[in-house]
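To start, the structure under review is shown below, and the notes come after it.
In the working numbering, the protein residues as written are 15 to 762.
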């Protein structure tokens, strides 16, 4: 009886809010007949009726003009029964809609617009968007069928409609707004075997993405409909996460990826309403996708435009920033333990590789393509006998998603959106890099390291990670040195100690490093300790920094002649007329490597092609734009010139430049190039093989000679390196020129 009485009162409150008491002069602000009452839809009125019942609010008596019985607006009223029948008929019409198409959404939307009641559409959206099975089947792409296929599909559709009607009849007694349960078993059995499943390529899905975007654009303008998307995503995400974690649903139905594509097209995912619960749960579900599914998503999104990718980046970045700012992270409460931040970072990785794939790629100019793999030695070193793992045997760690996609980040010339947009500064501020580096090296599944998502880290954080890595190597070498001393009985130095004279820093330092590189290269991994002769400074880092600054200033001095400086670009480049051999440049590389290894920043400016070559890429014509922009622009203008090149420019296939001593040199780019004019037809035919064939060799050299240089000396061993000259006069002339004009240092 109490329950019936409560229901009776709630109904009275509801009808008072929606229809009123019938008194035009009613002063009750909670009555629809009152001028001060706020109009609301049926759903809001139902919620408000519950609130009024709880506080025992005022109820109006029925006005005599409103002919109703004393049973408080009973359903026997003919008009009300008619309205209810219309509402229920609309609801019943869409009760069996378990998946959506663009036309179906517009149909429901038009009917709801005529009735001015969007609750049926909200229920349908809530039912479909909270069901993995419903989303997987929704917004499928249509394809042309033959007559035989259409007949077979029609028969299957009729059977399917009958099955759906039976299922709808069985579930008619269930609550309409209750979330559906996990549907992994049905997805694996029915969807994958459907005749409508199309044969898709590696970067294709069966979703009509353009239709999804049009539907979102039309629906998201309504706040109540947007709330349906939000609530549905809250119900959907835990079920999807369970399906992917325990039921391996994607391997049984590749179309399961459709739901992630559809949800990610929601342009309001970055709004505050989603950041609290819905988006974090969805990111956790997406991060459970298998590697093949992540790669397919990356390939699909790589075909999107820059603005669409930027929206996804902003969505995940917004979530990371929100979680970082709303929590207090410290060395005890690590950001690595926040599931939402970790999941968003993993999802951001998919967009990152999509950004790389969609940009300009250069996968052809790799310097390691022709190199044969070095077989790994089966002999154990002392480090391995002592428990040290074989580090760097297979190169740096490669991300599994990068391997699955078959690309490298270094292959990307120009991404769709700048890499800087993937960096999250608030995250970098709270990240404990010492802990994160430990998680990265241990590689446990329970702890996440942001070093596996380096795109989200700024240069300072990456440098700190490199510092920890180098320090651990230094400590390891120090420990190995002590163990060597115990085993062999020799007193070895655990540091890389350099004692130099400030006035002869090149002679002392580089010769010493050269000897170490030849005798025991492993000593270069030790911590550097520098002493200036006659000074009492103790190297705690500052002395080493000053040492490297002085060495670099001397090395890049134009008098040495190993590098040239371009005043226009303010960049250094290798001197093509240098008298030094490759070994001398290797020695400079050792110095720069030691500076990086010992965390010393040097003021060295190279064009980007140098760093590309360090990462295993060959230089191309495009790199000339950074290294020598004037030459690059001139060659481009020559290629694009629409006039008569031969008559207007009067140039030939011969180039000229100056050597180290300012003497002019000329080279023919083709045989008899000085006599061949450049025309509109042959301006792209620069044959460098012909240049090699037409080059004149003398002084005992041939085309097969490796190096054609002036005499060099090796001061540390008192060695004079003389090429095989044809006569005494040529030897004298070359030797005097090298001694008189050249400065430098050598390496055997």
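Each residue gets a CB set at the ideal place from its N, CA and C atoms; glycine is no exception.
What whole-angstrom Cβ distance do residue i and residue j have, given they're in contact under 8 Å?
{"i": "residue 613", "j": "residue 484", "result": "7 Å"}
{"i": "residue 680", "j": "residue 668", "result": "6 Å"}
{"i": "residue 341", "j": "residue 352", "result": "7 Å"}
{"i": "residue 312", "j": "residue 364", "result": "5 Å"}
{"i": "residue 589", "j": "residue 578", "result": "5 Å"}
{"i": "residue 234", "j": "residue 281", "result": "7 Å"}
{"i": "residue 337", "j": "residue 217", "result": "That pair is no contact at about 31 Å."}
{"i": "residue 69", "j": "residue 155", "result": "With 8 Å as the limit, residue 69 and residue 155 do not qualify as a contact, their Cβ atoms being about 53 Å apart."}
{"i": "residue 693", "j": "residue 660", "result": "5 Å"}
{"i": "residue 225", "j": "residue 136", "result": "Incorrect: roughly 20 Å between the Cβ atoms, too far for contact."}
{"i": "residue 557", "j": "residue 548", "result": "Their Cβ separation, rounded to whole angstroms, is 13 Å, which puts residue 557 and residue 548 out of contact at 8 Å."}
{"i": "residue 263", "j": "residue 270", "result": "5 Å"}
For residue i, which residues in the same chain have their Cβ closer than 7 Å to its Cβ, ignoring the five residues on either side in sequence?
{"i": "residue 568", "result": "519 and 520"}
{"i": "residue 629", "result": "424"}
{"i": "residue 470", "result": "359, 362, 436, 437, 438, 441 and 464"}
{"i": "residue 623", "result": "633, 637, 640 and 641"}
{"i": "residue 321", "result": "none"}
{"i": "residue 173", "result": "Only weak support exists for where residue 173 lies, its pLDDT of 49 falling under 50; the value from the coordinates is given anyway. Excluding sequence neighbours, residue 173 sits near nothing in its chain."}
{"i": "residue 59", "result": "28, 31 and 32"}
{"i": "residue 293", "result": "283 and 333"}
{"i": "residue 168", "result": "A caution first: residue 168 carries a pLDDT of 43, below 50, which makes its placement in the model unreliable, though a value can still be read off. For residue 168, where only same-chain residues beyond five positions count, there are no Cβ hits under 7 Å."}
{"i": "residue 272", "result": "149, 150, 219, 220 and 221"}
Going by other Cβ atoms of all chains shown within 10 Å of its Cβ, with 16 needed for buried, is residue i buried or exposed?
{"i": "residue 19", "result": "exposed"}
{"i": "residue 120", "result": "exposed"}
{"i": "residue 148", "result": "buried"}
{"i": "residue 132", "result": "buried"}
{"i": "residue 644", "result": "exposed"}
{"i": "residue 486", "result": "exposed"}
{"i": "residue 26", "result": "buried"}
{"i": "residue 607", "result": "exposed"}
{"i": "residue 594", "result": "buried"}
{"i": "residue 515", "result": "exposed"}
{"i": "residue 598", "result": "buried"}
{"i": "residue 49", "result": "exposed"}
{"i": "residue 536", "result": "exposed"}
{"i": "residue 257", "result": "buried"}
{"i": "residue 255", "result": "buried"}
{"i": "residue 517", "result": "exposed"}
{"i": "residue 747", "result": "exposed"}
Only counting the same chain, and skipping five residues up and downstream in sequence, which positions put a Cβ closer than 6 Å to that of residue i?
{"i": "residue 462", "result": "350 and 356"}
{"i": "residue 259", "result": "302"}
{"i": "residue 373", "result": "426, 428, 429 and 430"}
{"i": "residue 114", "result": "142 and 152"}
{"i": "residue 316", "result": "368, 371 and 372"}
Specify the secondary structure class of residue i as computed by DSSP and reduced to three states.
{"i": "residue 22", "result": "helix"}
{"i": "residue 679", "result": "strand"}
{"i": "residue 374", "result": "strand"}
{"i": "residue 497", "result": "helix"}
{"i": "residue 286", "result": "helix"}
{"i": "residue 428", "result": "strand"}
{"i": "residue 79", "result": "Any reading at residue 79 must be qualified, since the residue scores a pLDDT of 46, below 50, and its modelled position is unreliable; the value itself is stated next. In this structure, residue 79 counts as coil in the three-state DSSP scheme."}
{"i": "residue 691", "result": "strand"}
{"i": "residue 228", "result": "helix"}
{"i": "residue 698", "result": "coil"}
{"i": "residue 155", "result": "coil"}
{"i": "residue 123", "result": "helix"}
{"i": "residue 221", "result": "strand"}
{"i": "residue 734", "result": "strand"}
{"i": "residue 269", "result": "helix"}
{"i": "residue 380", "result": "strand"}
{"i": "residue 744", "result": "helix"}
{"i": "residue 631", "result": "strand"}
{"i": "residue 339", "result": "helix"}
What are the residues that DSSP puts in a beta bridge with residue i?
{"i": "residue 668", "result": "682"}
{"i": "residue 545", "result": "513"}
{"i": "residue 580", "result": "585"}
{"i": "residue 245", "result": "Answer is none; residue 245 lacks a bridge partner."}
{"i": "residue 751", "result": "For residue 751, which the question treats as bridged, DSSP gives no partner whatsoever."}
{"i": "residue 559", "result": "Answer is none; residue 559 lacks a bridge partner."}
Quick one: what's got a C-beta closer than 8 Å to residue i's C-beta in the same chain, skipping five residues either side?
{"i": "residue 375", "result": "421, 425, 426 and 427"}
{"i": "residue 509", "result": "492, 540, 541, 542 and 543"}
Would you say residue i faces chain C, with C-beta separation under 8 Å as the test?
{"i": "residue 120", "result": "Structure shown: chain C not included; a single protein chain is present."}
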